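Please read the structure below before turning to the comments.
In our numbering, the protein residues as written are 1 to 119.
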């Protein structure tokens with residue numbers, strides 16, 4: 001039978017997480033398809049790396065959950081391990097990616113707010 005996780009499948013948090021996971025897979029698939037169709041625009045390795053990283057995170061995250069629900073413990077643990085390695089790789093890559101601007105800007109805006117500087 002299924003390997004039970006910490007939350008019920010009826011939990012609203014679980015629903016939101018599953019919707020987000022499916023949306024991530026669909027969104028990155030469409031992004032890859034649309035970018036590949038535009039031969040006149042050049043994308044760098046770093047652009048593609050982030051897109052494929054997001055796709056891999058979505059696929060392994062959903063794969064880990066689905067194999068867990070199917071009761072395939074060995075496969076589930078292996079897929080979850082790969083998922084965790086991709087999460088680690090994303091965090092390690094974050095300072096060198098375009099996502100870094102999201103973090104840097106958020107930190108700067110928060111600092112300005114608490115320091116009383118409103119630009």
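Beta carbons: idealized from backbone N, C-alpha and C, even for Gly.
Bear in mind that the values here come from a model prediction, so they are computed numbers and not experimental data.
Can you tell me whether residue i is buried or exposed, with buried defined as 16 or more other CB within 10 angstroms of its CB?
i: residue 110; result: exposed
i: residue 113; result: exposed
i: residue 4; result: exposed
i: residue 83; result: buried
i: residue 68; result: buried
i: residue 43; result: exposed
i: residue 74; result: exposed
i: residue 37; result: exposed
i: residue 108; result: exposed
i: residue 140; result: The shown model of the chain, from 1 to 119, leaves out residue 140, and the question about it has no answer.
For the alpha helix (DSSP H) that residue i lies in, which residues bound it at each end?
i: residue 35; result: 12-37
i: residue 63; result: 45-69
With DSSP collapsed to three states, give me the class of residue i.
i: residue 7; result: coil
i: residue 97; result: coil
i: residue 74; result: helix
i: residue 105; result: helix
Taking 7 Å as the cut-off, is the CB of residue i close to at least one heavy atom of the ligand SAM?
i: residue 98; result: Within the structure as shown, the ligand SAM is missing, as the structure has no ligands at all.
Please report the Cβ distance between residue i and residue j, rounded to the nearest whole angstrom; I am assuming they are in contact, meaning their Cβ atoms lie under 8 Å.
i: residue 2; j: residue 71; result: 5 Å
i: residue 58; j: residue 21; result: 6 Å
Given 8 Å, three or more beta-carbon pairs between the segment 51-58 and the segment 86-97: yes
Meets three-Cβ-pair contact criterion under 8 Å: the segment 34-50 and the segment 93-100: yes
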